[in-house]
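What follows is a set of notes on a single structure, which appears directly below.
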Ligand SMILES: *Cc1c(COP(=O)(O)O)cnc(C)c1O
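In the working numbering, the protein residues as written are 31 to 423.
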């Protein structure tokens, strides 16, 4: 295959919203990706925390292939088996009473914001209670509603006006949150562990305090677990480690192991105000993507699987603590979502690692983000740590 020709074709025909390295990937297996030259890369990005079971997991492949050969799409006009099964799995393994399905993280947050507005209008009969509180460093997606709640001005400014009504408070600062949350607030949206914003963990006091503030002001607490949910932090849901329960939780990235899906999990209070026709999607939760998601959720929810994630995460954390470099400011994270904050921009470090066969991403300019597949093992962790050390030396 002529990689240069493919790269040229992309440049000629694809709207240039991404910067990609000059590599064409052709296949993947487990924690590894292979390019058109046959070079092997250890994948510590998982397609941005998506391919939780690694690439081409045999059980996942069989489920997808069999479902594709059986039934792929009927739209939400009709019932299908994998769809109902996935809903039951998500609800019975979480705080939620019902789930709404969509196709991405942004859409899951969009749904949560719409549902919060309707709860305020209909259940509370407070039509002016439309405010949303979001936080510094937060990332919730690129559609107009989710974007309005996303902190980085660079993402919002070219497209303003975005959805009105969002106020930002400082992450992990309850004084700031208490100033922002008031009688007009219908929802507070927060990532228990921020991904894009630099791999920042909420403190337990912060999430506990948000729960109290939301209850005081009759606002709904939305946890965006699009990146940190579903086993990534070593518990099925990131918020379990905090003992704080939201009113809604959004999921997406790893849910179908590489196929597009989003989910908004809600309590009965929310479910009670949502009626047929209120929201919808043509593609959402078709049988193909749900067959894939059923494999992922069934595997990840097992106690032994999560114990292994925690064990390997502790080992990764330990190996990263051993890195030697004056450039490192801090190593932090939860489970298999780790950030290495550096004194300077990490772009060239990422390219050097890639040249040496390790794929990693950034989370903001100065933070190196590691998000290996949840099936990662110690040998691969040793390899990744060694490559990072070489790149730092
Ligand atoms: C990636 C991400 C989103 C947006 O998901 P898309 O599928 O890209 O729309 C929302 N929230 C968080 C926390 C994310 O990491």
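For each residue, glycine too, the CB sits at the ideal point set by N, CA and C.
For residue 137, count neighbouring C-beta atoms within 10 Å of its own C-beta (all shown protein chains included) and say buried if the count is 16 or more, exposed if not.
buried
I'd like the list of long-range same chain contacts for residue 127, defined as Cβ closer than 6 Å, with 5 residues on each side in sequence excluded.
Excluding the 5 residues flanking it on each side, residue 127 has same chain C-beta neighbours closer than 6 Å at 297, 298 and 301, in chain order.
Would you call residue 236 buried or exposed, if buried means 16 or more other Cβ atoms sit within 10 Å of its Cβ?
Buried, by the Cβ-count rule.
To the nearest whole angstrom, what separates the beta carbons of residue 310 and residue 106, a pair I think is in contact under 8 Å?
6 Å
Indicate whether residue 168 and residue 221 have their beta-carbon atoms separated by less than 9 Å.
yes
Check whether the Cβ of residue 280 sits closer than 8 Å to any heavy atom of ligand 1, and report yes or no.
Distances taken from the Cβ of residue 280 to the heavy atoms of ligand 1 include one shorter than 8 Å.
Between the Cα of residue 98 and those of 66, 320, 31 and 341, spot the shortest distance and give me the residue it belongs to.
320
Quick one: give me the first and last residue of the alpha helix (DSSP H) that residue 330 is part of.
317-330
Beta bridge counterpart(s) of residue 421 as assigned by DSSP:
According to DSSP, residue 421 bridges with nothing at all.
Cβ neighbour criterion (16 or more within 10 Å) applied to residue 69
The Cβ neighbour count for residue 69, taken over all protein chains shown within 10 Å, is under 16; the residue is labelled exposed.
Would the C-beta of residue 113 count as close to ligand 1, meaning under 8 Å from any of its heavy atoms?
no
At a threshold of 8 Å, does residue 171 count as lining ligand 1 (C-beta to nearest heavy atom)?
yes
Only counting the same chain, and skipping five residues up and downstream in sequence, which positions put a Cβ closer than 7 Å to that of residue 382?
421
Less than 8 Å between the CB atoms is what I'm expecting for residue 207 and residue 243, so what's the real figure, rounded?
6 Å
Return yes when the C-beta of residue 354 is under 8 Å from any heavy atom of ligand 1, and no when it is not.
no
So, helix, strand or coil for residue 125, using DSSP?
coil
One or two residues paired with residue 62 in a DSSP bridge
59 and 72
Taking the alpha-carbon positions, what's the residue 318 to residue 101 distance?
7 Å
Proximity to residue 327 [Cα-Cα], best of 90, 31 and 49
Closest option to residue 327, Cα to Cα, is 90.
Mind checking whether the beta-carbon of residue 225 lies closer than 8 Å to any heavy atom of ligand 1?
The answer is yes for residue 225.
Taking the Cβ atom as the reference point for each residue, do residue 80 and residue 288 lie within a distance shorter than 9 Å?
Contact flag set, yes.
Beta-carbon proximity list for residue 357, same chain, < 8 Å, skipping 5 on both sides:
372, 373, 374 and 422, listed in sequence order.
Distance, residue 172 Cα to residue 424 Cα:
A query on residue 424 cannot be resolved here, the shown segment of the chain reaching from 31 to 423 and no further.
Could you check the C-alpha separation between residue 277 and residue 192 for me, to the nearest Å?
So the two alpha carbons sit approximately 25 Å from each other.
Do residue 162 and residue 218 have their C-beta atoms within less than 9 Å of each other?
yes
C-alpha gap between residue 148 and residue 249, whole angstroms:
12 Å
Where residue 342 falls: helix, strand or coil (DSSP):
helix
Does the distance between the C-beta of residue 326 and the nearest non-hydrogen atom of ligand 1 fall short of 8 Å?
no
Do residue 312 and residue 130 count as a contact pair if the criterion is CB distance below 9 Å?
no
Verify whether the separation of the beta carbon atoms of residue 282 and residue 86 is less than 9 Å.
no
Could you have a look at residue 254 and say whether DSSP puts it in helix, strand or coil?
strand
Got a sec, what are the start and stop residues for the alpha helix (DSSP H) residue 145 sits in?
135-148
Which residues in the same chain have their Cβ closer than 6 Å to the Cβ of residue 265, if we skip the five residues on either side of it in sequence?
271
Residue from 369, 198, 341 and 40 whose Cα sits closest to the Cα of residue 406
From the listed residues 369, 198, 341 and 40, the smallest Cα separation to residue 406 is found for 341.
Span separating the alpha-carbon of residue 239 from that of residue 204:
7 Å
Report back the beta-carbon spacing between residue 404 and residue 273 to the nearest angstrom; my notes put them in contact at under 8 Å.
Actually they are not in contact, since the Cβ atoms of residue 404 and residue 273 sit about 23 Å apart, beyond 8 Å.
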